[in-house]
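Q: Input: one structure, supplied below.
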Amino acid sequence: MKVFISILILILFLPSVVKTEELQFTEIVDGLKHPWGMSFIDPSNLLVTERSGRLVRIHLPSQKIFPVSHTLKVLVLRQGGLLDVLYHEGHVYLSYSEDRGSGESSTSVVRGKIVNDVLTDVEKLFRAEPPLKPGFHFGSRLVIQGNFLFISAGERHGGMIAQDGSKHPGSIIRINLDGSIPISNPHFISKKDWSPEVYQIGVRNPQGMALSPFDHQVYIVNHGAKGGDFLGKVKFGENYGWEEIGWGGTNYNGSKIGSGKASDPRFMKPMRIWIPSIAPSGMAFYQGDTFKEWDGDVLVGSLKFDMLVKVDMEESKAVGETVIFRDRIGRVRDVEIDHKGDIYLLADEAYTSLWKLTR
2 MKVFISILIL ILFLPSVVKT EELQFTEIVD GLKHPWGMSF IDPSNLLVTE RSGRLVRIHL
62 PSQKIFPVSH TLKVLVLRQG GLLDVLYHEG HVYLSYSEDR GSGESSTSVV RGKIVNDVLT
122 DVEKLFRAEP PLKPGFHFGS RLVIQGNFLF ISAGERHGGM IAQDGSKHPG SIIRINLDGS
182 IPISNPHFIS KKDWSPEVYQ IGVRNPQGMA LSPFDHQVYI VNHGAKGGDF LGKVKFGENY
242 GWEEIGWGGT NYNGSKIGSG KASDPRFMKP MRIWIPSIAP SGMAFYQGDT FKEWDGDVLV
302 GSLKFDMLVK VDMEESKAVG ETVIFRDRIG RVRDVEIDHK GDIYLLADEA YTSLWKLTR
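Residues 2 to 360 (the working numbering) make up the sequence shown, in order.
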């Protein structure tokens with residue numbers, strides 16, 4: 002175990018007050034390779050995915066790693082692989098890039114149970130249609146809100162496919178926990194041309210999604226291109242505009258994204274936009290005693306700047322921002338909060354560790 006102290010002094014986008022905190026980083030286990038998602042089974046056991054397809058259970062008291070065997074048909078290609086994991090009431094939900102043959106893949110989701118470190122009783126709940134060849138922008142975060150499972154489906158480098166609600170890529174999906182389709186989804190009420198599973202459209206690559214325990218709404222962070230990353234709510238039947246607009250970002254060659262305008266009433270406005278991009282990934286709403294003054298704020302991992310950002314929230318609105326740390330653990334891929342309020346962190350690196358952040 003390694004313990005070291007860091008001083009929080011970094012500030013992003015000129016917040017009104019510089020906050021200084023003493024932070025303690027504890028290395029729980031090492032030897033992880035490009036981990037992507039994590040979810041607590043209970044206070045002592047944490048599930049972690051690796052993009053290579055490996056699923057592990059980390060026993061926190063003993064700091065030991067136990068592989069969990071499975072037979073999922075994962076296509077490990079560029080950004081694809083075994084991606085998010087979510088444990089809920091005895092079931093394990095997993096998202097991954099499913100090999101659909103002929104070089105094509107889809108963002109797919111299964112549900113199963115873990116018995117003696119084996120994934121059993123596996124059910125296919127969702128697969129994004131159509132399958133596509135590019136190995137980019139899978140999205141793949143999972144959130145449960147009541148009896149609903151939300152899935153972020155990236156647009157797979159398909160651009161304007163995100164404006165086609167009849168297709169899954171570039172949308173937020175909402176299904177029931179058993180994979181059936183809620184009759185309260187937009188397709189059945191006001192968006193007859195949308196696929197029945199689609200809840201919201203117009204996203205590029207939402208690699209962070211979380212349920213607020215305070216207002217009980219679902220939020221995402223979404224990758225823009227060169228600028229235009231954003232934080233926003235998931236809302237029934239709404240459209241975030243990609244690829245008609247890029248929320249202040251440009252294409253990587255500097256050209257304008259799309260022909261739309263941010264003032265267009267068809268497009269839902271994000272709560273916070275990052276220019277330049279921070280490459281936001283895993284996110285979590287803070288609730289706990291360790292950093293009690295952060296209750297209700299959003300923690301967002303940044304892949305580009307190797308940092309953890311705290312977005313200050315008041316009455317479900319983003320009002321400020323602080324960098325908690327930078328250049329400590331690598332590209333911050335995922336964030337989880339335990340029952341006490343300690344913060345667990347994964348970095349998307351070739352050889353990395355599970356870290357715990359406390360005071």
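Even glycine gets a Cβ: it sits at the ideal position worked out from N, Cα and C.
Based on the DSSP output, what are the partners of Ile338 in its beta bridges?
A: Looking at the DSSP assignment, Ile338 forms a beta bridge with Ile344.
Q: Does the Cβ-Cβ distance between Gly209 and Ser282 come in under 7 angstroms?
A: The answer is yes: Cβ separation under 7 angstroms.
Q: Could you check whether Ser96 and Leu56 sit closer than 7 angstroms to each other, using their CB atoms as the reference points?
A: Not in contact: Leu56 and Ser96 (Cβ atoms no closer than 7 angstroms).
Q: Go through its chain and collect everything with a Cβ distance to Pro36's Cβ below 6 angstroms, but skip five positions before and after it.
A: Correct list, in chain order: Val49, Glu51, Leu347.
Q: At 3 residues or longer, and completely inside the stretch 84-115: list those beta strand (DSSP E) runs for me, N to C.
A: Counting whole runs of 3 or more residues, the stretch 84-115 contains the beta strand (DSSP E) stretches 92-102.
Q: DSSP three-state label for Ile66, please.
A: Correct three-state label for Ile66: strand.
Q: Go ahead and label Glu124 buried or exposed: buried means 16 or more other beta carbons lie within 10 angstroms of its beta carbon, across all protein chains shown.
A: With fewer than 16 Cβ atoms within 10 Å of its Cβ, Glu124 is classed as exposed.
Q: Name, in chain order, the residues that DSSP records as bridge partners for Thr220.
A: The question names Thr, yet the displayed sequence has Tyr at residue 220. Its beta-bridge partners are Ala211, Lys234.
Q: Cβ-heavy atom distance between Asp165 and the ligand NAP below 6 angstroms?
A: The ligand NAP is absent from the structure shown, which contains no ligands of any kind.
Q: Could you check if Tyr352 is buried or exposed, using at least 16 other CB atoms within 10 Å of its CB as the buried criterion?
A: Under this definition Tyr352 is an exposed residue.
Q: Excluding the 5 residues preceding and the 5 following Pro62 in the sequence, name in chain order all residues of the same chain whose CB lies nearer than 8 angstroms to its CB.
A: For Pro62, where only same-chain residues beyond five positions count, the Cβ hits under 8 angstroms are Ser45.
Q: Would you kindly check if the distance between the Cβ of Gly155 and the Cβ of Lys192 is under 7 angstroms?
A: For Lys192 and Gly155, no; Cβs fall outside 7 angstroms.
Q: My output table needs one value for His188: the three-state DSSP class, helix, strand or coil.
A: Note: His188 maps to helix in three-state DSSP.
Q: Between which two residues does the beta strand (DSSP E) harbouring Glu130 extend?
A: Premise fails: Glu130 is in no beta strand (DSSP E) and is neither H nor E.
Q: Where does Thr21 land, buried or exposed, given buried means 16+ other C-beta within 10 angstroms?
A: Its pLDDT being 41, under 50, Thr21 is placed unreliably in this model, and the value from its coordinates should be taken loosely. Exposed, since its Cβ has fewer than 16 Cβ neighbours within 10 Å.
Q: Would you identify the three-state DSSP class for Lys318, choosing helix, strand or coil?
A: Looking at Lys318 - three-state DSSP - the assignment turns out to be strand.
Q: Please return the same chain residues whose Cβ sits closer than 8 angstroms to the Cβ of Thr121, not counting the five positions on each side in sequence.
A: Here the set comprises Gly113, Lys114, Ile115.
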